[in-house]
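Undergrad: Mind having a look at this structure? Questions to follow.
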Amino acid sequence: MLVHFISLGCDKNLVDSEIMLGILSAAGHTITDEEQRAEVIVINTCGFIAEASQESVETILRMARNKRGSCKALVVTGCMAERYKEEIFKEIPEVDAVVGVGDFEEISRAIDKVCEGGKHKFVSGRIQPPADENILKRMVSTPPYMAYLKIAEGCDNRCAYCAIPSIRGPYRSRPLDSLLAEARGLAAGGVRELVLVAQDTALYGADLGAPALPLLLARLAEIDGLAWLRVMYCYPEHITDELITELRDNPKVCRYLDIPVQHSEDAVLKRMKRASSKDGLRGIIGRLRRAMPDIALRTTLMVGFPGETAGDFSALLDFMAEIQFDRLGVFEYSREDGTEAASMSGQISASVKRKRKNAAMRLQMDISAQKNKHLIAKTMDVIVDGKLPDVYCGRTYRDAYEVDGMVFFESAEELMSGEFVTVRVTGASQYDLTGEILR
């Protein structure tokens with residue numbers, strides 16, 4: 042079968058898509074980029090927030106038009122499929138199969154059953170990580186020099202606004218040996234930058250006996266070919282002194298940490314059911330920066346959570362100005378079915394949430410511009426991401442792929458994507474840098 046695959050949502054979902062692509066290819070299916078030619082269309086959906094679910098529904102409806110042509114089967118999987126299994130079949134009759142997040146290893150069998158005739162719904166309660174044999178079939182869809190390594194599945198944090206634990210189940214770390222085997226295979230295939238992802242990377246290993254992220258980083262650093270290890274989604278309350286030491290002393294680990302804090306005010310954090318406090322956040326950020334003055338810290342904030350007062354938001358802006366995060370994203374609170382926050386009093390209007398988001402982003406743009414200006418005249422290693430018509434673009438250790446800023450520079454010599462070069466920064470904007478290559 043000719044299969045067209047669409048992956049929506051986060052990088053963790055992308056890893057699932059890559060594993061499914063590998064399973065389909067190994068089963069004899071052919072992957073195509075042309076939806077009009079496809080006999081089967083698979084959509085790996087996101088259902089984290091209402092906006093993501095809406096994008097997923099719109100994509101399904103758009104792909105359903107191909108049922109008038111060569112498409113014999115429309116298959117929906119991923120978080121939205123898991124969250125709204127029954128509704129999808131009822132509301133979108135063009136869908137032929139729904140495959141839950143714990144069952145995507147059955148994607149090939151689902152397609153076979155549908156193409157034999159009759160709808161197939163595979164939604165068992167299995168929530169274990171995919172088998173190693175299927176992980177090793179993974180077809181990496183990112184540039185060949187970088188890849189994501191999903192080190193755990195599910196989440197135990199139970200934040201009041203989040204549906205992920207009910208969709209993905211409890212936190213389940215992958216065994217260390219399994220991760221190392223996958224990483225070796227990725228490195229052998231040319232991966233230079235490995236990005237560790239999970240719902241909370243700092244908790245890795247806790248369900249297996251003890252937190253083991255520092256050990257994992259140390260073992261990954263032993264793999265030939267890997268040059269950069271980057272850690273995303275590291276909840277601040279779970280950062281240990283051992284992890285800080287590993288970040289500081291391991292030369293392959295980027296001095297970059299993504300620590301989603303969501304808010305600064307204790308009253309809001311308590312309603313969110315976050316384990317952090319303002320003083321606790323100040324403490325962990327201070328420890329990180331004392332150990333590594335050059336560390337780049339990324340975070341995400343949520344505005345408009347039920348009960349967030351104007352004073353709470355003003356204090357959040359003050360916290361942003363005080364902490365000076367290097368990278369920061371802002372999300373408006375989304376009222377999600379089945380979450381504790383959905384039934385809370387003090388729901389905030391869309392217009393107020395939008396104004397607060399815009400105000401926070403304006404402040405962060407100023408902070409980012411000032412921080413980037415301080416990089417002018419510094420010499421930095423840059424991984425080449427590609428070439429535009431006149432200039433090359435790449436990233437420093439401070440910039441995650443497709444998340445943060447870029448460095449633009451010229452080169453008289455032809456450069457390969459994934460190659461490392463040395464660049465002196467000559468200019469800065471709010472998000473990006475320009476420079477001259479030193480080689």
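For the sequence shown, my numbering assigns the number 42 to the initial residue and increments by one for each residue that follows. In this text, a Cβ means the ideal position worked out from N, Cα and C, and glycines have one as well.
1. Under 9 Å, do L249 and A224 count as touching if we go by C-beta distance?
2. What are the boundary residues of the beta strand (DSSP E) that I47 is part of?
3. Which ranges would you report for the beta strand (DSSP E) in the stretch 188 to 266 if only whole runs of at least 3 residues count?
4. Express the C-alpha separation of E460 and E443 in angstroms, rounding to a whole number.
5. For D426, which of helix, strand or coil comes out of DSSP?
6. Rounded to the nearest angstrom, what separates E381 and E455 at their Cα positions?
7. Near E92, which residues of its chain fall below 8 Å by C-beta distance, leaving aside the five closest residues on each side in sequence?
8. For L369, list the residues DSSP reports as bridge partners.
9. Write down every uninterrupted run of the alpha helix (DSSP H) in the stretch 282 to 307 whose length is 4 residues or greater and which is fully enclosed by it, in chain order.
10. Which residues share a DSSP beta bridge with F461?
11. From the DSSP output, which residues share a beta bridge with V448?
12. Please work out which residues of its chain come closer than 6 Å, Cβ to Cβ, to K319, disregarding the five sequence neighbours upstream and downstream, and give them in chain order.
13. Under 8 Å by Cβ, that's how I've got G387 and G348 pegged, so tell me the actual separation to the nearest angstrom.
14. Considering V56, what are the terminal residues of the alpha helix (DSSP H) in which it resides?
15. What does L270 pair with, by DSSP beta-bridge criteria?
16. Given a threshold of 16 other Cβ atoms within 10 Å of its Cβ, counted over all protein chains shown, does S97 qualify as buried or as exposed?
17. With distance defined between alpha-carbon atoms, name the residue in T341, A228 and R233 nearest to M275.
18. Exposed or buried, K414, counting other C-beta atoms within 10 Å across all chains shown (16 or more means buried)?
19. With 16 as the cutoff for other CB atoms within 10 Å, does V272 come out buried or exposed?
20. Can you round the beta-carbon distance between G195 and P206 to whole angstroms, since I take them to be within the 8 Å contact cut?
21. Should the stretch 400 to 420 be called in touch with the stretch 463 to 480, which here means at least 3 C-beta pairs below 8 Å?
22. Does the beta-carbon of A79 have 16 or more other beta-carbons within 10 angstroms, so that it is buried, or is it exposed?
23. Would the stretch 258 to 268 and the stretch 289 to 302 be scored as touching if the rule is three or more Cβ pairs under 8 Å?
24. Starting from the C-beta of L49, find all residues in its chain whose C-beta is less than 8 Å away, skip the five residues before and the five after it, and write them out in chain order.
25. When the distance is taken between beta carbons, is R368 closer than 9 Å to M333?
26. Check each candidate in G210, R312, R330 and R323 and name the one with the smallest Cα separation from D359.
27. Roughly how many angstroms separate the alpha carbons of R315 and R215, rounded to a whole number?
28. Have a look at Y484 and D299 and give me their C-alpha separation to the nearest angstrom.
29. Provide the residue span of the beta strand (DSSP E) that contains T183, from first to last.
30. Could you work out which residue in E76, Q240, S470 and M361 is closest to G110 when comparing CA atoms only?
31. Identify whether T100 lies in helix, strand or coil by the three-state DSSP scheme.
32. Take G370 as the anchor and find which of N399, L235, M447 and V81 has the nearest alpha-carbon.
33. So, for R312: in the same chain, excluding its five sequence neighbours on each side, which residues have a beta-carbon less than 8 Å away from its beta-carbon?
34. How long is the line joining the alpha carbons of G166 and M104, rounded to whole angstroms?
35. Just the Cα atoms here: how many angstroms apart are I176 and R124?
36. Taking the straight line between their C-alpha atoms, what separation do you get for V81 and V139?
TA: From the atom records:
1. no
2. L43 to S48
3. 234 to 238
4. 17 Å
5. strand
6. 55 Å
7. S375
8. T340
9. 282 to 290
10. I424
11. G435 and L474
12. S305 and D307
13. 4 Å
14. D52 to A67
15. L235 and V294
16. buried
17. In the sequence under discussion, the amino acid at residue 275 is Cys, which differs from the Met named in the question. The option with the nearest alpha carbon to C275 is T341.
18. exposed
19. buried
20. 7 Å
21. yes
22. buried
23. yes
24. I84, N85, T86, C87, A93, E96, S97, T100 and G119
25. no
26. R323
27. 24 Å
28. The question about residue 484 has no answer here: the residues shown for the chain are numbered 42 through 480.
29. Here T183 belongs to no beta strand (DSSP E), and DSSP marks it neither H nor E.
30. E76
31. helix
32. N399
33. A201, F346, P347, G348, A382 and M385
34. For G166, the pLDDT reaches just 49, beneath the cut-off of 50, and the residue's location in the model is therefore unreliable, although a value from the coordinates is still provided. Their Cα atoms are separated by approximately 28 Å.
35. 24 Å
36. 13 Å
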